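Below: the structure, in structure tokens.
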Amino acid sequence: MKQAALELWNQRNERVREAGGRDRQKKQREQGKLTARERVELLLDPGTFLEVDRQVTHRCTDFGMAEQKILGDGVIVGFGEIDGRKVAIFSQDFTVFGGSLSSAHASKICKIMDLALKAGVPVIGMNDSGGARIQEGVESLGGYAEIFWRNTQASGVIPQISMIMGPCAGGAVYSPAITDFVAMVDQSSFMFVTGPDVIKTVTHEEVSKEDLGGATAHAEKSGVSHFTFSSEHSAIHSLRKLVSFLPSNNCDPAPRGFTQDTADRETSGIDKILPESSHQPYDMRELILETVDDRDFFEVQSQYAQNIVVGFARLDGMTVGVVGNQPAHLAGCLDINASTKAARFVRFCDAFQIPLVTFVDVPGFLPGVAQEYGGIIRHGAKLLYAYAEATVPKLTVITRKAYGGAYDVMSSKHVRADFNFAYPQAEIAVMGAEGAVNILYREEIKKAESQGADALAKKRVELTETYRKTFAHPYKAAELGYIDEVILPAQTRQRLIQGLKFLETKRESRPSRRHGNIPL
Ligand code: HXC
Numbered sequence: 078m079k080q081a082a083l084e085l086w087n088q089r090n091e092r093v094r095e096a097g098g099r100d101r102q103k104k105q106r107e108q109g110k111l112t113a114r115e116r117v118e119l120l121l122d123p124g125t126f127l128e129v130d131r132q133v134t135h136r137c138t139d140f141g142m143a144e145q146k147i148l149g150d151g152v153i154v155g156f157g158e159i160d161g162r163k164v165a166i167f168s169q170d171f172t173v174f175g176g177s178l179s180s181a182h183a184s185k186i187c188k189i190m191d192l193a194l195k196a197g198v199p200v201i202g203m204n205d206s207g208g209a210r211i212q213e214g215v216e217s218l219g220g221y222a223e224i225f226w227r228n229t230q231a232s233g234v235i236p237q238i239s240m241i242m243g244p245c246a247g248g249a250v251y252s253p254a255i256t257d258f259v260a261m262v263d264q265s266s267f268m269f270v271t272g273p274d275v276i277k278t279v280t281h282e283e284v285s286k287e288d289l290g291g292a293t294a295h296a297e298k299s300g301v302s303h304f305t306f307s308s309e310h311s312a313i314h315s316l317r318k319l320v321s322f323l324p325s326n327n328c329d330p331a332p333r334g335f336t337q338d339t340a341d342r343e344t345s346g347i348d349k350i351l352p353e354s355s356h357q358p359y360d361m362r363e364l365i366l367e368t369v370d371d372r373d374f375f376e377v378q379s380q381y382a383q384n385i386v387v388g389f390a391r392l393d394g395m396t397v398g399v400v401g402n403q404p405a406h407l408a409g410c411l412d413i414n415a416s417t418k419a420a421r422f423v424r425f426c427d428a429f430q431i432p433l434v435t436f437v438d439v440p441g442f443l444p445g446v447a448q449e450y451g452g453i454i455r456h457g458a459k460l461l462y463a464y465a466e467a468t469v470p471k472l473t474v475i476t477r478k479a480y481g482g483a484y485d486v487m488s489s490k491h492v493r494a495d496f497n498f499a500y501p502q503a504e505i506a507v508m509g510a511e512g513a514v515n516i517l518y519r520e521e522i523k524k525a526e527s528q529g530a531d532a533l534a535k536k537r538v539e540l541t542e543t544y545r546k547t548f549a550h551p552y553k554a555a556e557l558g559y560i561d562e563v564i565l566p567a568q569t570r571q572r573l574i575q576g577l578k579f580l581e582t583k584r585e586s587r588p589s590r591r592h593g594n595i596p597l
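The working numbering puts the sequence shown at residues 78 to 597.
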């Protein structure tokens, strides 16, 4: 090779590495942030990164931009491996025009998204950007829309994950919002459609950037984000783990995990977790941990709608999506947020062929004017729809209460679950005994009331007991075949794994249609 050609090659690659300059990289590090390239290196298996479009520059000439060209134009894109499995990635570089999105920057992202879709590999985006490149105007907006369009086409075909590692504001938020998972880093990332200044002008509300769109706000209040991490290092480490649970696309199976946890291990610990009284709370997470391989449960949206728990785990090495009502929070009632949280998770699992394991302990839908006005009818229907539409293997364990409409919704036989188990102490009924007695025995209760408080209390106990004996057990449902088997808690793991193995070859289809009309 000619010396001059080699020198130019070296020079240009040095410019690529420098990106926005050492000073801006230093500033980035001082803020506790990694550089875009360091993030890529940490995320991928060493030596696997195949970068493309390092030499791309923007094509803008307005506002003196013709003299300001930086190789790569603020985003690093390419392909690599995580635990030996292929992924496509982009990582926005805040040191180059604040990571802002020019049309060239957008084209780079679109290029790897297109190839990822063809190759059937997940796309991971690391977002750190001041939004639309102001100097480019509508070209930049078009660039965003091209990404949004691809996000939508790729939805349900390849997993898409967004890591927010800096600013993500304005319409830019809608790409992460369409992706399957959004992760945020505490204190250094934020997302909002309109920032604090605009809000102050329009609504006169005063709010800080962090309170409005920081990691905590989106993890606890809005439900926009799925994971919060204390540092970029832990975010990237956990993201690698998330990927390990997922298939590369909707046609491939999820990779099988290795475990020494035996398939027939007795889950006797569950007996100690379940309280004697059906009114006492317990932590559903404990029950899940006791059941799954190596007590390893990767929870999704752990801080949002805590009355339902969702996340990934493995059973005998097979990835499963776990959904569980959480009696330790709002008694495990289904409300608006829990319904939408679980519905989205169920739909993700169904899209990617991940079997669903549902642990049910639900006293019903949360009563209240706010819930009704907020549209619990519409939102609760989403979860019902998601379970009914899902054709992946569905296995259900009723651990305690399964009341009313919530019984139907929570992966019941009637929405076509494949295996439905219940513990001997399960209570499957239209409603709880106390509520049922008030309606069934209104006259008798009135009569007892007229005889004084003691008589009333005695009557209530007697009637409640009668109702409990009739309905508060799983055997009525089992007699009807709605429950396939009443199992002991110690048999939970064993039975679920047997069921999953049997269902490995499950095939089920739904009527042909353009698409259903889930109540959004
Ligand atoms: C061009 C930008 C930019 C942008 C930042 N920069 N945002 N350049 N277009 N959108 C440049 C800055 O000029 C600066 O250049 C460098 O990036 C770092 O920015 P700072 O402001 O110094 O950083 P910081 O103080 O950390 O503040 C970060 C920030 C702020 C909060 C993101 O830069 C900011 O408010 N930027 C504008 C955000 C914005 O309004 N974007 C458009 C939103 S509308 P130098 O040369 O000084 O280093 C939008 C619509 C998308 O995005 C619609 C999609 C449908």
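Just so you know, even glycine gets a beta-carbon here, dropped at the ideal spot from N, CA and C. Quick caveat, the model's predicted, so the values are computed rather than measured.
Hey, would you say the C-beta of residue i is under 8 Å away from at least one heavy atom of the ligand HXC?
i	result
Q230	no
L407	no
G208	yes
Q132	no
F335	no
G248	yes
I453	no
G97	yes
Q264	no
L618	There is no way to answer for residue 618, as the model of the chain reaches only from 78 to 597.
G175	yes
R101	yes
I350	no
S217	yes
I211	yes
P244	yes
F269	no
L178	yes
Y251	yes
A222	yes
F389	no
F258	no
F171	yes
Which one or two residues does DSSP pair with residue i in a beta bridge?
i	result
C245	M268
S239	G202 and V259
V377	V387
R317	BP columns for R317 are empty, so no partner.
L392	M395
E504	K478
I159	R162
V563	A499
L178	A209
L411	F442
Report the three-state DSSP secondary structure of residue i (helix, strand or coil).
i	result
N402	strand
K471	strand
N90	helix
F167	strand
E283	coil
Y31	For the chain, the structure presents residues 78 to 597; residue 31 sits outside this window and is missing.
N327	coil
D438	strand
V154	strand
N497	strand
E520	helix
T305	strand
E343	coil
E353	coil
V129	strand
L192	helix
L433	strand
R333	coil
Could you check how far apart the C-beta atoms of residue i and residue j are, in whole angstroms? I think they sit under 8 Å.
i	j	result
A405	Y462	Actually they do not touch by this definition, with Cβ atoms about 27 Å apart.
Q237	M203	Not confirmed; about 13 Å, so no contact.
V154	K103	Contact flag wrong, Cβ pair sits at about 24 Å.
C407	V434	Sequence check: residue 407 is Leu here, not Cys. Actually they are not in contact, since the Cβ atoms of L407 and V434 sit about 22 Å apart, beyond 8 Å.
I255	T229	6 Å
V259	S232	Incorrect: roughly 14 Å between the Cβ atoms, too far for contact.
H498	V469	Here the sequence assigns Phe to residue 498, which means His is not the residue at that position. That belief does not hold up - the Cβ atoms of F498 and V469 are roughly 17 Å apart, past 8 Å.
A113	D191	Not quite, the Cβ-Cβ distance comes to about 21 Å (not below 8 Å), so this is no contact.
E367	I350	7 Å
Return no unless some Cβ of chain D is closer than 9 Å to the Cβ of residue i.
i	result
V369	The structure shown has no chain D; it contains just one protein chain.
**Report entry** Length at least 4, wholly inside the segment 210-240: the alpha helix (DSSP H) runs in chain order
**Finding:** Counting whole runs of 4 or more residues, the segment 210-240 contains the alpha helix (DSSP H) stretches 215-231.
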